[in-house]
Amino acid sequence: MAGKDKLFIFDTTLRDGEQSPGASMTREEKVRIAKALEKMRVDIIEAGFPAASTGDFESVRAVARAVQDSTVCGLARAKDVDIDRAGEALKEANSARIHTFLATSPIHMQYKLKMSPDEVLTQAVAAVKRARQWTDNVEFSPEDAGRSELDFLCRVIEAVIDAGARTINIPDTVGYNIPQQFGELMRNLIERVPNSDKAVFSVHCHNDLGVAVANSLAAVLNGARQVECTINGLGERAGNAALEEIVMAVRTRQDVFPCDTTLDTTQIVPCSRLVSSITGFPVQPNKAIVGANAFAHESGIHQDGVLKHRDTYEIMRAQDVGWSENRIVLGKHSGRNAFRTRLKDLGIEFTAEEELNEAFSRFKELADKKHEIFDEDLQALVSEATMAM
Ligand code: KIV
Ligand code: ZN
Numbered sequence: 011m012a013g014k015d016k017l018f019i020f021d022t023t024l025r026d027g028e029q030s031p032g033a034s035m036t037r038e039e040k041v042r043i044a045k046a047l048e049k050m051r052v053d054i055i056e057a058g059f060p061a062a063s064t065g066d067f068e069s070v071r072a073v074a075r076a077v078q079d080s081t082v083c084g085l086a087r088a089k090d091v092d093i094d095r096a097g098e099a100l101k102e103a104n105s106a107r108i109h110t111f112l113a114t115s116p117i118h119m120q121y122k123l124k125m126s127p128d129e130v131l132t133q134a135v136a137a138v139k140r141a142r143q144w145t146d147n148v149e150f151s152p153e154d155a156g157r158s159e160l161d162f163l164c165r166v167i168e169a170v171i172d173a174g175a176r177t178i179n180i181p182d183t184v185g186y187n188i189p190q191q192f193g194e195l196m197r198n199l200i201e202r203v204p205n206s207d208k209a210v211f212s213v214h215c216h217n218d219l220g221v222a223v224a225n226s227l228a229a230v231l232n233g234a235r236q237v238e239c240t241i242n243g244l245g246e247r248a249g250n251a252a253l254e255e256i257v258m259a260v261r262t263r264q265d266v267f268p269c270d271t272t273l274d275t276t277q278i279v280p281c282s283r284l285v286s287s288i289t290g291f292p293v294q295p296n297k298a299i300v301g302a303n304a305f306a307h308e309s310g311i312h313q314d315g316v317l318k319h320r321d322t323y324e325i326m327r328a329q330d331v332g333w334s335e336n337r338i339v340l341g342k343h344s345g346r347n348a349f350r351t352r353l354k355d356l357g358i359e360f361t362a363e364e365e366l367n368e369a370f371s372r373f374k375e376l377a378d379k380k381h382e383i384f385d386e387d388l389q390a391l392v393s394e395a396t397m398a399m
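Residue numbering for the sequence shown follows my numbering, beginning at 11 and increasing consecutively.
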């Protein structure tokens, strides 16, 4: 990290993540997740949308009371009533941020807001000024920035920075952008907004086209220094950019990124499991970083390679993201080396090579019938093999 910029991680599992249909969480559950995020050293935790309901207000207040080391953030539309509700909910936070937003795309301004661009600009400025009465730490998002017109976006951003916003978040609200274009948008904004050096530029991507993480990384390569993301990529519709993928891409490819996070990555897997068990949203086995198979090697050639030298087929260490060990899955493609190593881990060592051969051929017979061979299967077949000798 020496000489590199800091990349701030803004986790919105408790706000945008909760907007996943069926993923609502109780206040106690939100506090448990917030404590896990704090332990992981997430910089900013967006705890909810206080004006949305009394329950959300109480949850944000409970998180604000429980968390000491991370900044706690509340979302607010660009309306006095929402901003004051967020300010109230965050009053007891050790470090608080108000995140206010207003749409800037032609389609949102015309059909949703029924406002002219000038009215939007005026309201955005007023909202930021109102939020500044509660805290110095104000973030503004031009909603649907990914489909907004560049000149207008620049005007709004310049004005809200002058009004006191210290983080400018660029959302791809509907997941419409693709990486090269989104990276260029971030670069253009930072270059063209005259006071851009007074704010941290942030990125917030949705995954409708499956490129939320790629878009976020493109934005980071083009100057963004905060990423908004969620555990397991939870979120509205197809979800948000996944925290674990962003953090590990940046950490693993320090040769490419001019910045790094200060997260304790060993908390990633425990956090992922906590969010999955609380929301009831399972993590797909082949999900990067946190899926059960993310570090599992099934092919015999891969297993043999990893056992000889881990870097042959692994770009990260399983322990670094919180797995206790890399999991070699024994199946029909597994070779003798993987088989022998697993048996050794189970405390089984053969004195004669014929015993190993016998056990290995029984293992292959079983593997043809059974997709995955568990430790209990191994114990049983080794007993049979030694009895048969
Ligand atoms: O996707 C979005 O635009 C949002 C904003 C509130 C930042 O979630
Ligand atoms: Zn969002």
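For glycine and all other residues, C-beta sits at the position ideal for the given N, C-alpha and C.
Since this is a predicted model, take the numbers as computed values, not measurements.
The ligand KIV has a heavy atom closer than 7 Å to the beta-carbon of N179. In terms of side-chain proximity, the C-beta atom of N250 is found nearer than 7 Å to a non-hydrogen atom of the ligand ZN. For E153, the shortest separation between its Cβ and any heavy atom of the ligand KIV lies below 7 Å. DSSP lists F20, H214 as the bridge partner or partners of E238.
Within the region 104 to 156, the beta strand (DSSP E) runs of at least 3 residues that lie entirely inside it are, in chain order, 106 to 113, 148 to 153. A46 places its beta carbon 8 Å or farther from that of L24. Apart from sequence neighbours up to five positions away, the residues of its chain that approach E68 with a beta-carbon distance below 7 Å are R37, ordered along the chain.
When DSSP states are grouped into helix, strand and coil, V82 belongs to the strand group.
At a cut-off of 7 Å, the beta-carbon of L85 counts as near the ligand KIV: some heavy atom of the ligand is closer than that. The ligand ZN approaches E246 closely enough that one of its heavy atoms is under 7 Å from the residue's Cβ. G310 is bridged by DSSP to nothing; it lacks a bridge partner. Bounds of any alpha helix (DSSP H) do not take in I180; it lies within the beta strand (DSSP E) bounded by 177 to 182. Nearest C-alpha to R235 among G245, V210, G249: V210. A residue is called buried once 16 or more other Cβ atoms fall within 10 Å of its Cβ, and I383 is buried on that count. Below 8 Å, enough C-beta pairs join the region 50 to 64 and the region 79 to 88 to call them touching: three or more.
The beta carbons of I19 and D53 sit closer together than 8 Å.
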